[in-house]
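If you're matching positions, the sequence shown starts at -12 in the working numbering and goes up one per residue. We put the CB at the ideal spot given by N, CA and C, even for glycine. All values derive from a computational prediction rather than experimental measurement.
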Amino acid sequence: MTCILRLSAPNIEHRLAAIRFQPYRLQHGSAHFKVSDREFGDLPGQVQDALEFLREHSQDLQSMMAPGASGSLDFAVHIPSQGFVTNSFPASLVSLAGGLGLGLDLSAYPGEGSHAV
-12 MTCILRLSAP
-2 NIEHRLAAIR
8 FQPYRLQHGS
18 AHFKVSDREF
28 GDLPGQVQDA
38 LEFLREHSQD
48 LQSMMAPGAS
58 GSLDFAVHIP
68 SQGFVTNSFP
78 ASLVSLAGGL
88 GLGLDLSAYP
98 GEGSHAV
């Protein structure tokens, strides 16, 4: 998985019971949801998948992000062993995620295939 959503909240199990989708992992008060299976080099594809995921599940996410909750979308990309790469997120993703109270993370791993958004 190259993009995941992590949500943490007190009594997260109770919050999960009220939503239509379920995490692939629940650990130490945090739920982990698969958002994208795109390749590490396909950050634009991950972003598109994340936009679709947030739009599809916005009502459930609003309920999950009630007081005391925190969450972030984590995008995984390759970074080249040499050189400089800039990655950015489009305003549509920043606005939608921020409106739901979600942060944006970029996890960079050594390798090939990094692309700017």
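By the criterion of a C-beta distance shorter than 8 angstroms, Leu13 is surrounded in its chain by Ile(-1), Glu0, Leu3 and His19, once the five residues flanking it on both sides are discounted. Excluding its 5 nearest sequence neighbours in each direction, Pro(-3) has C-beta neighbours in its own chain below 6 angstroms: Gly55, listed in chain order. Residue range Ser57 to Ile66 is occupied by the beta strand (DSSP E) that includes Asp61. The C-beta of Val64 has 16 or more other C-beta atoms within 10 Å across all chains shown, which makes the residue buried. In this structure, Leu93 sits away from Leu(-8), with a CB-CB distance that is not shorter than 9 angstroms. Excluding its 5 nearest sequence neighbours in each direction, Pro10 has C-beta neighbours in its own chain below 6 angstroms: Ala18, His19 and Phe20, listed in chain order. For Asp36, there is no enclosing beta strand (DSSP E); the enclosing alpha helix (DSSP H) has its first and last residue at Leu30 to Glu43. For Val22, the uninterrupted beta strand (DSSP E) run begins and ends at Ser17 to Ser23, by DSSP. Between Ser45 and Gly88, the gap from beta carbon to beta carbon reaches 9 angstroms or more.
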